[in-house]
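For reference, the structure discussed in these notes is given below.
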Amino acid sequence: MAKSNRKVALEKSPSGIQGLDEITSGGLPKGRPTLVCGAAGSGKTLFAMEFLMRGAIQYGEPGVFMSFEETEDDLAKNVASLGFDLPGLAASKRLLIDHVHLERSEIEETGEYDLEGLFIRLGHAIDSIGAKRVALDTVESLFGGLPNHFILRSELRRLFRWLKEKGMTAIITGEKGENTLTRHGLEEYVSDCVIFLDHRVSDQISTRRLRIVKYRGSTHGTSEFPFLIDEKGISVMPITSIGLKHLVTSKRISSGIPRLDNMLGDKGYFRGSSILVSGTAGTGKTTVAASLVDAACRRGEHCVYFAFEESASQILRNMRSVGIDLEQWVKKGLLEFHVERPTALGLETHLARMHKAVEESKPTVVVVDPISNLISVGTFLDIKGMLTRLIDYLKMNRITTLLTSLTASSSLEETEQGVSSLADTWILLRSIEIEGERNRGLNILKSRGMAHSNQIREFLLTDQGVELVDVYLGPQGVLTGTARAAQQNREAAQALASQREVERMQRALERKRKALEAQIAALRVEFEAEGEEMKRLISEGQANQKSVARQRTEMGRIRGAD
Amino acid sequence: MENRERKVSSRMKGQRKTRAGTETNKSRNDRIWVLRLYVAGQTPKSVAAFANLKQICEEHLAGKYRIEVIDLMENPKLAEGDQILAIPTLVRTLPPPLKKIIGDLSDTERVLVGLQIKPSIRAEVAV
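Chains as they are written, first to last, in my numbering: chain G, 516 to 1077; chain W, 22 to 148.
Listed below in structure tokens is the structure:
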């Protein structure tokens, strides 16, 4: 490779095609030809056309489109559906279409010739608008028109060299061959950059992929990148090469369910983290997702909801029944639904579309509901790979992602897609069946980087939204629903009874005290009565003693005692 | 598109270089052969093509042909009108239908077949 002392990096011509410039680190090699090959219908013509048009519109580089297959009118119609005004560009001399028509039946070959006519024609077209970009689509059709392939090959080699000398950034398209990149081996002549477009169908689902086969003098992604052709042209998704480079934040966002926020260390999810909500059927996964969306929209953030199971209106209706009005956010343009049957597209295409939707509306919250449905479109490995790339991509953009996953009750703590390792927070919803009744339970299986509750909470769907209630934890184990209510009633009755008992005892005590006090009072009265009598007797006795003493003294005086 | 072509062809008439051609001898055949030879400069192939053409015409179409030589080096715009890619290219504009012969016209037999001066023997065998 030209790694050695090359100081000037290869100059590149930005294609303007979404994603392509990222994987080619800047675009196609400037002033060199690039071969774009692929089977019929793989998007070669569109690729070439978009390169020219974006060059003309966005980068001020006029272009010449030499078409060997389609007429100017056909091309104009084809790209009009992508919102490009071909006649307008042609009128303002920013794009020139030259339709080269070669009819085999009209041509007889007699002796030596060359393709100077083509050179003159192309050269004239380039000079007349000062073109910087050229597309030849598909130069290979000359092989059908000109019988002498020996001459044609040497002339094509000369043509590509000539384009390079003129400093044209050129795209040459070529039809895919049996065992070669192009049917007529054009890759031998165009060796600077080769891009292969593929349109594969597996299990009746088609996926478009793009691969950079080679790019001389430049690093490039070598994997296959899925790409889309839609009303905005081609968009390549550079998602395959995303790694674990995302920066994290410690900011938190509310889950929309206050009690759940409490369980998640009082603050909710980490912004930009991935949340997996798994559970059996009907446990309220969508509601948990909708709560997050509702909370985010309430803060004025943008959300994108990818629904693979229900239509948007169905989700809106169902959420309204639990008091979550998402419709207002849709109307305000904060919430966007992308509804698609998983089987409608291949995994890569799903991924590409999701990527595109996220690029366009720049949300802060993305919901994929549910990922388990994707199993119908791909193998376990495919899905895991796809989800890894999706989550990595979203994380890199600091988008909070909520994935729901339907699990079989037999393997609750195991997602079929094996994405649990990708999830930062894993909320498990389960049905708890007690006494012939199913109730919803919620617990946090894991939540990276935060203290979280490890309790199971009962999950109630009320018409005011989601409510989390403590389950009954008593001597009889975990109780939910009616059983919890019954147990609570029983407890209340018991409490009431004991309260009454206490009151009764208190009354008895009071009575006893009063009786005792009455007795004391009576005794005191008796005592007082007896005391009076005794006092009287005492004083009488004392009076008697005095009079006896007085009489004795009197008697003594009378006796004349001395 | 239509307009442009018409403009090109009208300009073409003014720049036409008629090196040979006579329209006399109407008594023998009214059909005039208009042959247009596209070249790009005075290359050996172009010179050879013109010489070969001249000779063939003199032999087979004496007195009822006209040759127009168009040098694309001078008039690159004209390449588009007749869809010229290969040089040299001979275009039979009259009589219709349009026929194109590419190469230096060294294979006289094929030129005659191509111009439909002579019926294609090979084609008949093939059929």
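Heads up, the beta-carbon is just placed ideally off N, CA and C, and yes, glycines get one too. The model shown is predicted, which means the values in this text are computed figures rather than measured ones.
Rounded C-alpha distance that separates residue i from residue j
{"i": "glutamine 63(W)", "j": "valine 594(G)", "result": "42 Å"}
{"i": "valine 845(G)", "j": "cysteine 812(G)", "result": "9 Å"}
{"i": "valine 132(W)", "j": "histidine 639(G)", "result": "30 Å"}
{"i": "valine 988(G)", "j": "glutamine 829(G)", "result": "Correcting the residue identity first, residue 988(G) is leucine in this sequence and not valine. Whole-angstrom Cα-Cα distance: 37 Å."}
{"i": "arginine 913(G)", "j": "alanine 938(G)", "result": "14 Å"}
{"i": "glycine 534(G)", "j": "glycine 736(G)", "result": "11 Å"}
{"i": "glycine 838(G)", "j": "aspartate 978(G)", "result": "5 Å"}
{"i": "isoleucine 1073(G)", "j": "arginine 1067(G)", "result": "10 Å"}
{"i": "glycine 135(W)", "j": "glutamine 573(G)", "result": "48 Å"}
{"i": "threonine 43(W)", "j": "lysine 85(W)", "result": "The pLDDT assigned to threonine 43(W) is 43, lower than 50, so where the model puts this residue is not dependable; a value taken from the coordinates is nonetheless given after this. Looking at the two C-alpha atoms, the distance is approximately 6 Å."}
{"i": "leucine 708(G)", "j": "leucine 762(G)", "result": "Per the sequence shown, the amino acid found at residue 708(G) is cysteine instead of leucine. Approximately 34 Å, taken between the alpha carbons."}
{"i": "asparagine 694(G)", "j": "leucine 543(G)", "result": "25 Å"}
{"i": "arginine 113(W)", "j": "tryptophan 54(W)", "result": "7 Å"}
{"i": "methionine 834(G)", "j": "serine 806(G)", "result": "9 Å"}
{"i": "isoleucine 915(G)", "j": "arginine 569(G)", "result": "The sequence as given places threonine at residue 915(G); isoleucine does not occur at that position. Rounded to the nearest angstrom, the two C-alpha atoms are 33 Å apart."}
{"i": "glutamate 842(G)", "j": "arginine 648(G)", "result": "48 Å"}
{"i": "isoleucine 1035(G)", "j": "alanine 1023(G)", "result": "18 Å"}
{"i": "lysine 681(G)", "j": "arginine 57(W)", "result": "30 Å"}
{"i": "leucine 119(W)", "j": "glycine 541(G)", "result": "48 Å"}
{"i": "arginine 52(W)", "j": "leucine 111(W)", "result": "18 Å"}
{"i": "valine 90(W)", "j": "threonine 722(G)", "result": "53 Å"}
Unbroken beta strand (DSSP E) run spanning residue i, endpoints
{"i": "histidine 614(G)", "result": "610–614"}
{"i": "phenylalanine 1095(G)", "result": "Because residue 1095(G) is not part of the residues shown, which for chain G are 516 to 1077, the question remains open."}
{"i": "valine 1040(G)", "result": "Per DSSP, valine 1040(G) belongs to no beta strand (DSSP E); it is in the alpha helix (DSSP H), 996–1074."}
{"i": "isoleucine 947(G)", "result": "940–949"}
{"i": "proline 548(G)", "result": "548–553"}
{"i": "leucine 725(G)", "result": "720–730"}
{"i": "aspartate 497(G)", "result": "Since the first residue of chain G shown is 516 and the last is 1077, residue 497(G) is not available in this structure."}
{"i": "threonine 688(G)", "result": "684–690"}
Environment of residue i [buried if 16+ CB atoms lie within 10 Å]
{"i": "phenylalanine 665(G)", "result": "exposed"}
{"i": "glutamate 1045(G)", "result": "exposed"}
{"i": "lysine 47(W)", "result": "Residue placement at lysine 47(W) cannot be trusted, given a pLDDT of 42 that sits under 50; the coordinates are not used to answer."}
{"i": "glutamine 104(W)", "result": "buried"}
{"i": "asparagine 73(W)", "result": "buried"}
{"i": "serine 620(G)", "result": "exposed"}
{"i": "isoleucine 727(G)", "result": "buried"}
{"i": "methionine 1070(G)", "result": "exposed"}
{"i": "methionine 873(G)", "result": "It should be pointed out that residue 873(G) corresponds to valine in this sequence rather than to methionine. Answer is buried; the Cβ neighbour count reaches 16."}
{"i": "alanine 1010(G)", "result": "exposed"}
{"i": "alanine 1033(G)", "result": "exposed"}
{"i": "serine 826(G)", "result": "exposed"}
{"i": "valine 1063(G)", "result": "exposed"}
{"i": "alanine 822(G)", "result": "buried"}
Candidates the options, of which the one nearest residue i by Cα
{"i": "serine 733(G)", "options": "Lys647(G), Leu525(G), Glu874(G)", "result": "Leu525(G)"}
{"i": "serine 876(G)", "options": "Ala1036(G), Leu601(G), His853(G)", "result": "His853(G)"}
{"i": "histidine 870(G)", "options": "Met901(G), Asp776(G), Gln843(G)", "result": "Met901(G)"}
{"i": "lysine 559(G)", "options": "Phe742(G), Leu601(G), Ser1054(G)", "result": "Phe742(G)"}
{"i": "isoleucine 88(W)", "options": "Gly102(W), Leu106(W), Ile77(W)", "result": "Ile77(W)"}
{"i": "isoleucine 612(G)", "options": "Met564(G), Arg619(G), Glu618(G), Gln1034(G)", "result": "Met564(G)"}
{"i": "proline 117(W)", "options": "Glu79(W), Ile138(W), Leu126(W)", "result": "Ile138(W)"}
{"i": "isoleucine 108(W)", "options": "Glu624(G), Pro548(G), Val883(G)", "result": "Glu624(G)"}
{"i": "alanine 606(G)", "options": "Met1049(G), Glu587(G), Leu701(G), Leu617(G)", "result": "Glu587(G)"}
{"i": "glycine 861(G)", "options": "Leu712(G), Pro885(G), Val716(G)", "result": "Val716(G)"}
{"i": "glutamate 130(W)", "options": "Arg52(W), Val60(W), Glu80(W), Leu93(W)", "result": "Glu80(W)"}
{"i": "alanine 571(G)", "options": "Thr684(G), Pro548(G), Arg673(G), Phe658(G)", "result": "Thr684(G)"}
{"i": "threonine 864(G)", "options": "Leu896(G), Val881(G), Ala827(G), Leu905(G)", "result": "Leu905(G)"}
{"i": "threonine 903(G)", "options": "Ala923(G), Val882(G), Glu702(G), Ser936(G)", "result": "Ser936(G)"}
{"i": "histidine 699(G)", "options": "Leu671(G), His714(G), Leu678(G), Ile710(G)", "result": "Leu671(G)"}
{"i": "serine 920(G)", "options": "Val934(G), Leu657(G), Glu1025(G)", "result": "Val934(G)"}
{"i": "leucine 550(G)", "options": "Val984(G), Met911(G), Val981(G), Leu725(G)", "result": "Leu725(G)"}
{"i": "glutamate 746(G)", "options": "Arg868(G), Ala822(G), Tyr820(G)", "result": "Arg868(G)"}
{"i": "leucine 943(G)", "options": "Gly575(G), Asn969(G), Leu604(G)", "result": "Asn969(G)"}
Run of the alpha helix (DSSP H) containing residue i, from where it starts to where it stops
{"i": "tyrosine 908(G)", "result": "895–911"}
{"i": "valine 934(G)", "result": "Per DSSP, valine 934(G) belongs to no alpha helix (DSSP H) and is neither H nor E."}
{"i": "leucine 590(G)", "result": "587–595"}
{"i": "aspartate 776(G)", "result": "773–778"}
{"i": "valine 132(W)", "result": "129–135"}
| message | If contact is defined by three or more beta carbon pairs under 8 Å, each pair taking one atom from either stretch, is the stretch 812–825 of chain G in contact with the stretch 965–977 of chain G? | response | In short, these stretches do not touch, since the Cβ pair count stays below three.
| query | Using 8 Å as the Cβ pair cut-off and three pairs as the minimum, do the stretch 682–692 of chain G and the stretch 642–655 of chain G touch? | reply | yes
| task | Would you check if there are 3 or more beta carbon pairs closer than 8 Å linking the stretch 854–866 of chain G to the stretch 787–803 of chain G? | result | no
| Touch check for the stretch 595–610 of chain G and the stretch 63–74 of chain W: three-plus C-beta pairs under 8 Å? | no
| task | Give, in chain order, every residue of the stretch 102–129 of chain W whose Cβ lies closer than 7 Å to some Cβ of chain C. | result | Absent from the structure is chain C; the protein chains it does hold are G and W.
| field | Meets three-Cβ-pair contact criterion under 8 Å: the stretch 735–753 of chain G and the stretch 883–893 of chain G | value | no
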